[in-house]
Amino acid sequence: MVVPKPLNKKQSESGKVSGLSFMHLSDSIKQFNFGKNLSPTDAVIQFEPRECSETDALLSSRAQGTTTRKDAGRSAEPLCSMVLQILVPFLLAGLGTVSAGMLLNVIQSWDVFLEVTEIFILIPAVLGMKGNLEMTLASRLSTAVNAGKMENPKEKWALILGNLALKQLQATLLGFLASFLAIVLGWMAEGELSLKHVVLLCSTSVSTAFVASLLQGVLMVGVIVGCKRMNINPDNVATPMAASFGDLITLSLLAGFSHWFYSLMGERKSTGFHGPAVSPSPADGSCSQHPDLWDVSQAWVVNAVHLCVADFYPYVLYLVNLSYICLIPVWVAVSSKHPASLLLLRSGWEPIVTAMVISSLGGLILDKTVSNQNLSGVVLYAPVINGVGGNLVSIQSSRISTNLHLNFSPGELPEERRGCFNPCRIFFGPGANHQSARVLLLLVLPGQLLFLFTVYLMKGGLTAPSPLLTLFYLSASLLQVFLLLCLADCMVHRLWRRGKDPDSYAIPYLTALGDLLGTALTSLAVFLLWCIGD
């Protein structure tokens, strides 16, 4: 242990403890600065051991205490570089959400969506769950990259595999929970419950969550590793890339699984065991044309398979759900091998479960809105406004979290954040987070105009959005993002002050609130337009 010498004899005799300010000049040289005197009580408080959290697994220096850099939060990256790194993934994410909105506008007329209306409650819950899992994974890995915890290949892959296994476990359990919430909310709204619908919703939800989580998790790891090799800040790229085409992929899987399972249920009513059709004998008495032996046997096999599947339809879906349940111990065993994922396995369920409940409330609003033919157009715009708001606020949350991880110990806040909450302080200031908040808010209007024009082109250019629709939609989107950015700044700092990891706690709450706000504001805008006859 190195004990610094006092600057003079007077300070040595006074018995006061000098504060240490560490300035890293190189990997092996440290300079001590004795510029401020602290009382012994202050010194004890500053270096008091803290309870370990999931942050400690990524940043080993947390257990030893940390000092605050004077330039913490100052703008370190050029404005042009920040805008470019944010803009490209933001546009890709917007195109993905526009495509998801167009797809939802098409599939809402499918038989399964008309018959099993609880799927509309399931859609925001599953999409929100997928987004939460992807963005929290991206935020955790981005923090690990910025903290230098992915330099060692062995440590890097242990961290990646542990997080992916944890993500699959969360997707499986939350898939069951999402279907349960959709069933309960649907039953409360309609007053009736069908066992077939229960099995269909459960199988569709878990299958969609599991497959989408696996595909997009592998893709997200590739994005993080690629950003590291290209010297790009993953905080600006990873979270919007996680949602770029995630909504489209997840919604496509949900529509495909639900249609497939529903078609099996429909075939059960009409499927019969019939042989191949044989053409009747001609009137002139000539020999009739009979099918070949291969065609006969093939038709009998196909009919037999259809009949068996139709008769055992409930059991097939039960086996599907059972197979996902049997994989749960595997994901638990793999995720428990890394300290970071082990801590999240024990304590990381509260935010994502609460976020799913919030998203399900947004789904209930969507279900009630779509049931009114005059307001059914909300399905075209709700995924866009929800996706844009969630993408932008996830970037800001990830950036604030990384700044806190690198410059402050858990429970310690920057000087400017120790007073009362002030929304103006979020957007006006010299720090990098203030600058990014301004950039993200300014991206809303041009981005949404571009996405509205894209919707117009994808619909064939036949019906342009009216000026009132454009005004109401842009106002709803701007209000949503403004509120989310204010909530992000307040929530991330409050979680950090309580010793919680914002990477795992803040994003689920923020994206879920974004879905709820976006769906509610879009429904309100469409309702007002209908009232004034636009």
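With the working numbering applied, the sequence shown covers 21 to 554.
Note that beta-carbon positions come from the ideal geometry of N, C-alpha and C, so glycine has one too.
Remember, predicted model here, so these are calculated numbers, not experimental data.
{"Asked": "Checking 8 Å against the spacing of the C-beta atoms, do residue 152 and residue 415 come in under that value?", "Found": "no"}
{"Asked": "From the DSSP output, in three-state form, read off residue 116 for me.", "Found": "helix"}
{"Asked": "From residue 499 to residue 402, what distance separates their C-alpha atoms?", "Found": "14 Å"}
{"Asked": "For the pair the region 425 to 432 and the region 483 to 492, tell me if three or more CB-CB distances fall below 8 Å.", "Found": "no"}
{"Asked": "What span of residues does the alpha helix (DSSP H) with residue 237 cover, start to end?", "Found": "215 to 249"}
{"Asked": "Helix, strand or coil for residue 451, going by three-state DSSP, please let me know.", "Found": "strand"}
{"Asked": "By the 10 Å Cβ neighbour count, where 16 or more other Cβ atoms means buried, how is residue 370 classified, buried or exposed?", "Found": "exposed"}
{"Asked": "Quick one: any contact between the region 443 to 453 and the region 522 to 537, if contact means 3 or more CB pairs under 8 Å?", "Found": "no"}
{"Asked": "With a cut-off of 8 Å, do at least 3 Cβ pairs link the region 540 to 553 to the region 388 to 395?", "Found": "yes"}
{"Asked": "Measure the alpha-carbon distance for residue 180 versus residue 347 and round it to whole angstroms.", "Found": "19 Å"}
{"Asked": "In its own chain, which residues sit with a C-beta less than 6 Å from the C-beta of residue 379, not counting the 5 before and 5 after it?", "Found": "144, 145, 148, 532 and 535"}
{"Asked": "Does residue 358 come out as helix, strand or coil in the three-state DSSP assignment?", "Found": "coil"}
{"Asked": "At the level of alpha carbons, what is the spacing between residue 281 and residue 117?", "Found": "25 Å"}
{"Asked": "Please identify the residue among 417, 495 and 226 whose C-alpha is closest to the C-alpha of residue 469.", "Found": "495"}
{"Asked": "Suppose you measure from the CA of residue 522 to the CA of residue 552; what does that come to, to the nearest Å?", "Found": "43 Å"}
{"Asked": "Given residue 267, which residues of its chain have a CB within under 7 Å of its CB, disregarding the five upstream and five downstream residues?", "Found": "116, 117, 120, 147, 403 and 407"}
{"Asked": "Taking the C-alpha atoms as reference points, what is the distance between residue 374 and residue 196?", "Found": "14 Å"}
{"Asked": "Give the straight-line distance between the Cα atoms of residue 419 and residue 466, rounded to the nearest whole angstrom.", "Found": "23 Å"}
{"Asked": "Check for me: the alpha helix (DSSP H) holding residue 390 runs from which residue to which?", "Found": "370 to 390"}
{"Asked": "State the Cα-Cα distance for the pair residue 111 and residue 503, rounded to the nearest angstrom.", "Found": "21 Å"}
{"Asked": "I need the DSSP call for residue 445, collapsed to helix, strand or coil.", "Found": "helix"}
{"Asked": "Would you identify the three-state DSSP class for residue 125, choosing helix, strand or coil?", "Found": "helix"}
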